[in-house]
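A.B. asks: Chains as they are written, first to last, in my numbering: chain V, 1 to 233; chain W, 1 to 233. Note that beta-carbon positions come from the ideal geometry of N, C-alpha and C, so glycine has one too.
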């Protein structure tokens, strides 16, 4: 896949180089190419929406991801079609778009038109390749598990050779990347401010409940500390 | 765009007809074509991930949607590129994939390999057209607002003609649709059950906080009942 043309200066320290397709056509003030911001948004989640093209049409599937440095690993369990395509493509890889979104608030303006959301999102464009190296696959699987629950990979049975062979993971370099963020209250037009409609923000958070043990959990195994921390967050 | 070939019998009452691309290659027992299930998953959310193809590559953007019957309306504020493309395509429309995902639980198995999520998702394939009819656009904007906060559209200033002209909405019929759901505890291999790792599910929910009034909210406007209900949910 031909990469897009950079529209601004090449990468500076701490920044991804913007390209024609990572510069939004609107609300540019919400866009960021800052590595730390991008990493923080990615690290706050574990579900991405993986987009690929099949028979000329777009397909978007939810799946798990993990980040190791400037590389994203995307799990293939929900999308063996793209994984199979990537496997067949070999080193050429397949064109993908991986998007991660967190909703932080419902923004209620006086006008229907100015309703919005507060959110943080990251969009990654690039070429994904199937991970075939056994050591990288092991690291990727650990990263996927630890992305969901930090500390969990070391506290579970590592994958067997047979399981690794059945684990389909795509890797994608963080190269053509942008973040988009909206924060703050509603942006009503001045002439609407006196209208008798409530206006403001409803905060939205993700909450983790008390861990529910498996029916067949052996007695005497306590809830691990890395989970009690989650439930308190 | 050529529609996919139906691989099973045509639509039966209450069911979407499965097609080659809505039948998953794996975990078929998690897939459903039941209209009520699909509607329930769509109605439980308001953020979708909109996929389209641009210069041969996939693009996935988060945006708002609303449902009216068997039609989905997708807001264009975060993606004026697909909206512009749809506008240029006119009645031909553009190929899209719209995916909605809710995470319900983190599934921790004894083995790293069997870690999973409990989730509900809907994937809609089809051809999206830009809404140009003024009455439909008005209804779509109301649906978008009410999808986020039911009851809010009637309690805000309706869009002006100028705002409607600036509102870019895509519509997409619910026709080629599937839902996918995972529920329940971990599925460990029998030989792993005695391993000393905690195993079970961490419930995940979306929580709405106490509404935060806009800095410039006129005094004396109470928090509407449709918001106090949200915060209690």
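Where does residue 41 of chain W sit, in a helix, a strand or coil, going by DSSP?
C.D. replies: Reading the second chain from its first residue, position 41 is the one you call residue 41 of chain W. Looking at residue 41 of chain W - three-state DSSP - the assignment turns out to be helix.
A.B. asks: Going along the chain, which residues of its own chain have a beta-carbon closer than 6 Å to the beta-carbon of residue 5 of chain V, five neighbours each way excluded?
C.D. replies: The count along the first chain starts at 1 and reaches residue 5 of chain V at position 5. Caution is warranted here: a pLDDT of 46 is assigned to residue 5 of chain V, below 50, making its placement in the model unreliable, and no coordinate value can be reported.
A.B. asks: Which stretch, first to last residue, makes up the alpha helix (DSSP H) that contains residue 135 of chain V?
C.D. replies: For the purposes of this step, residue 135 of chain V is taken as the residue at position 135 of the first chain. Taken as a continuous stretch (DSSP letters only), the alpha helix (DSSP H) holding residue 135 of chain V covers 134-148.
A.B. asks: Is it right to say residue 134 of chain W is buried, meaning 16 or more other beta carbons lie within 10 angstroms of its own, or is it exposed?
C.D. replies: For the purposes of this step, residue 134 of chain W is identified with residue 134 of the second chain, where counting begins at 1. Exposed, by the Cβ-count rule.
A.B. asks: Report the rounded CA-to-CA distance for residue 173 of chain W versus residue 205 of chain W, giving the unit in angstroms.
C.D. replies: Sequence index remark: in the second chain, residue 173 of chain W carries index 173 (1-based). Sequence index remark: in the second chain, residue 205 of chain W carries index 205 (1-based). Approximately 29 Å between the Cα atoms of the pair.
A.B. asks: Starting from the beta carbon of residue 110 of chain V, find every residue of chain W whose beta carbon is closer than 7 Å, and list them in chain order.
C.D. replies: Reading the first chain from its first residue, position 110 is the one you call residue 110 of chain V. Near residue 110 of chain V (Cβ distances below 7 Å), the residues of chain W are 156 and 157.
A.B. asks: Excluding the 5 residues preceding and the 5 following residue 36 of chain V in the sequence, name in chain order all residues of the same chain whose CB lies nearer than 8 Å to its CB.
C.D. replies: For this step, residue 36 of chain V is matched to residue 36 along the first chain. Cβ neighbours of residue 36 of chain V beyond the five flanking positions: 14.
A.B. asks: Ordered along the chain, which non-local residues of its own chain (more than five positions away) have a Cβ less than 6 Å from that of residue 92 of chain V?
C.D. replies: For the purposes of this step, residue 92 of chain V is identified with residue 92 of the first chain, where counting begins at 1. So no residue of the chain qualifies.
A.B. asks: Which residue marks the beginning of the alpha helix (DSSP H) containing residue 72 of chain V, and which one marks its end?
C.D. replies: As a first step, residue 72 of chain V must be located in the first chain, where it is residue number 72. No alpha helix (DSSP H) holds residue 72 of chain V; the beta strand (DSSP E) holding it covers 71-75.
A.B. asks: Can you find a CB in chain V that lies within less than 8 Å of the CB of residue 81 of chain W?
C.D. replies: On the second chain, position 81 is the one that residue 81 of chain W refers to. For residue 81 of chain W, the answer is yes, since a Cβ of chain V falls inside 8 Å of its Cβ.
A.B. asks: With DSSP collapsed to three states, give me the class of residue 59 of chain W.
C.D. replies: By one-based count along the second chain, residue 59 of chain W stands at place 59. The answer is strand: DSSP assigns residue 59 of chain W an E or B state.
A.B. asks: Taking buried to mean at least 16 other C-beta atoms within 10 Å of its own C-beta, is residue 105 of chain V buried or exposed?
C.D. replies: As a working note, residue 105 of chain V is residue 105 in the first chain. Looking at its Cβ environment, which holds 16 or more other Cβ atoms inside 10 Å, residue 105 of chain V is buried.
A.B. asks: Kindly indicate the opening and closing residues of the alpha helix (DSSP H) around residue 164 of chain W.
C.D. replies: Position 164 of the second chain, counted from the start, is the residue given in the question as residue 164 of chain W. Start and end: 161-165.
A.B. asks: Rounded to the nearest angstrom, what separates residue 114 of chain W and residue 188 of chain W at their Cα positions?
C.D. replies: Here the question's residue 114 of chain W lines up with position 114 in the second chain. Here the question's residue 188 of chain W lines up with position 188 in the second chain. Residue 114 of chain W and residue 188 of chain W: Cα-Cα distance of roughly 6 Å.
A.B. asks: Please identify the residue among W/64, W/131, W/30 and W/67 whose C-alpha is closest to the C-alpha of residue 168 of chain W.
C.D. replies: In the second chain, counting from the first residue as 1, residue 168 of chain W sits at position 168. Closest by alpha carbon: W/131.
A.B. asks: Three-state secondary structure (DSSP) at residue 26 of chain W?
C.D. replies: Locating residue 26 of chain W in the second chain gives position 26, counting from the first residue. DSSP places residue 26 of chain W in coil when its eight states are reduced to three.
A.B. asks: Mapping the DSSP letters down to three states, classify residue 46 of chain W as helix, strand or coil.
C.D. replies: Within the second chain, the letter at position 46 stands for residue 46 of chain W. It is coil, neither helix nor strand.
A.B. asks: Examine chain V for any beta-carbon lying closer than 8 Å to the beta-carbon of residue 106 of chain W, and answer yes or no.
C.D. replies: Within the second chain, numbered from 1, the residue matching residue 106 of chain W stands at position 106. Cβ-Cβ to chain V under 8 Å: yes for residue 106 of chain W.
A.B. asks: Looking at the strands, I want to know which residues DSSP matches up with residue 52 of chain V.
C.D. replies: Counting from one through the first chain, the residue named residue 52 of chain V turns up at place 52. In the DSSP output, where bridge partners are listed per residue, residue 52 of chain V has V/59 and V/96.
A.B. asks: With a cut-off of 8 Å, do at least 3 Cβ pairs link the region 200-219 of chain W to the region 180-197 of chain V?
C.D. replies: The answer is yes - the region 180-197 of chain V touches the region 200-219 of chain W, with three or more Cβ pairs under 8 Å.
A.B. asks: Looking at the structure shown, is residue 157 of chain W part of a helix, part of a strand, or coil, going by DSSP?
C.D. replies: Counting from one through the second chain, the residue named residue 157 of chain W turns up at place 157. Here residue 157 of chain W sits in strand by DSSP.
A.B. asks: Are the C-beta of residue 219 of chain W and some C-beta of chain V separated by less than 8 Å?
C.D. replies: The sequence position of residue 219 of chain W within the second chain is 219, counting from 1. With 8 Å as the cut-off, residue 219 of chain W does not count as an interface residue toward chain V.
A.B. asks: For residue 65 of chain V, does the three-state DSSP call read helix, strand or coil?
C.D. replies: Mapped onto the first chain, residue 65 of chain V falls at position 65. Three-state result, residue 65 of chain V: strand.
A.B. asks: Round the Cβ separation of residue 62 of chain W and residue 101 of chain V to the nearest angstrom and send it over; I've been treating them as touching at under 8 Å.
C.D. replies: Your numbering for residue 62 of chain W matches position 62 in the second chain. Your numbering for residue 101 of chain V matches position 101 in the first chain. Rounded, the Cβ-Cβ distance is 4 Å, consistent with contact.
A.B. asks: From residue 162 of chain W to residue 229 of chain W, what distance separates their C-alpha atoms?
C.D. replies: Here residue 162 of chain W is taken as the residue at index 162 of the second chain, counted from 1. Here residue 229 of chain W is taken as the residue at index 229 of the second chain, counted from 1. Their backbone Cα atoms lie some 33 Å apart in a straight line.
A.B. asks: How do the region 135-151 of chain V and the region 48-59 of chain V stand: do at least 3 beta-carbon pairs fall below 8 Å, yes or no?
C.D. replies: With a cut-off of 8 Å, the region 48-59 of chain V and the region 135-151 of chain V do not count as touching, because too few Cβ pairs lie within range.
A.B. asks: Using only alpha-carbon positions, find the residue among W/53, W/17 and W/72 that is nearest to residue 39 of chain W.
C.D. replies: The residue labelled residue 39 of chain W in the question sits at position 39 within the second chain. Of the candidates W/53, W/17 and W/72, the one whose C-alpha sits nearest the C-alpha of residue 39 of chain W is W/72.
A.B. asks: Please report whether the beta-carbon of residue 193 of chain W lies at a distance below 8 Å from any beta-carbon of chain V.
C.D. replies: Counting from 1 along the second chain, the entry for residue 193 of chain W is found at position 193. Chain V, which has a Cβ nearer than 8 Å to the Cβ of residue 193 of chain W, makes this yes.
A.B. asks: Is the CB-CB distance between residue 98 of chain V and residue 119 of chain V below 8 Å?
C.D. replies: Within the first chain, the letter at position 98 stands for residue 98 of chain V. Within the first chain, the letter at position 119 stands for residue 119 of chain V. Not in contact: residue 98 of chain V and residue 119 of chain V (Cβ atoms no closer than 8 Å).
A.B. asks: In this structure, how does DSSP classify residue 230 of chain W when only helix, strand and coil are distinguished?
C.D. replies: By one-based count along the second chain, residue 230 of chain W stands at place 230. If DSSP states are grouped into helix, strand and coil, residue 230 of chain W belongs with the helices.
A.B. asks: Do residue 226 of chain V and residue 157 of chain V have their beta-carbon atoms positioned less than 8 Å apart in this structure?
C.D. replies: Indexing the first chain from 1 puts residue 157 of chain V at position 157. Indexing the first chain from 1 puts residue 226 of chain V at position 226. No, the pair does not count as a contact, with Cβ atoms beyond the cut-off.
A.B. asks: Assuming residue 173 of chain W is part of the beta strand (DSSP E), what are its boundary residues?
C.D. replies: The sequence position of residue 173 of chain W within the second chain is 173, counting from 1. Start and end: 169-173.
A.B. asks: So with Cβ pairs under 8 Å, would you call residue 37 of chain V a contact of chain W?
C.D. replies: By one-based count along the first chain, residue 37 of chain V stands at place 37. Not an interface residue.
A.B. asks: What residues in the region 167-183 of chain V have a beta carbon less than 9 Å from any beta carbon of chain W?
C.D. replies: Against chain W - using a Cβ distance shorter than 9 Å - the residues of the region 167-183 of chain V are 167 and 180.
A.B. asks: Going along the chain, which residues of its own chain have a beta-carbon closer than 7 Å to the beta-carbon of residue 137 of chain V, five neighbours each way excluded?
C.D. replies: Taking the first chain and counting its residues from 1, one reaches residue 137 of chain V at position 137. Around residue 137 of chain V: 131, 164, 167 and 169.
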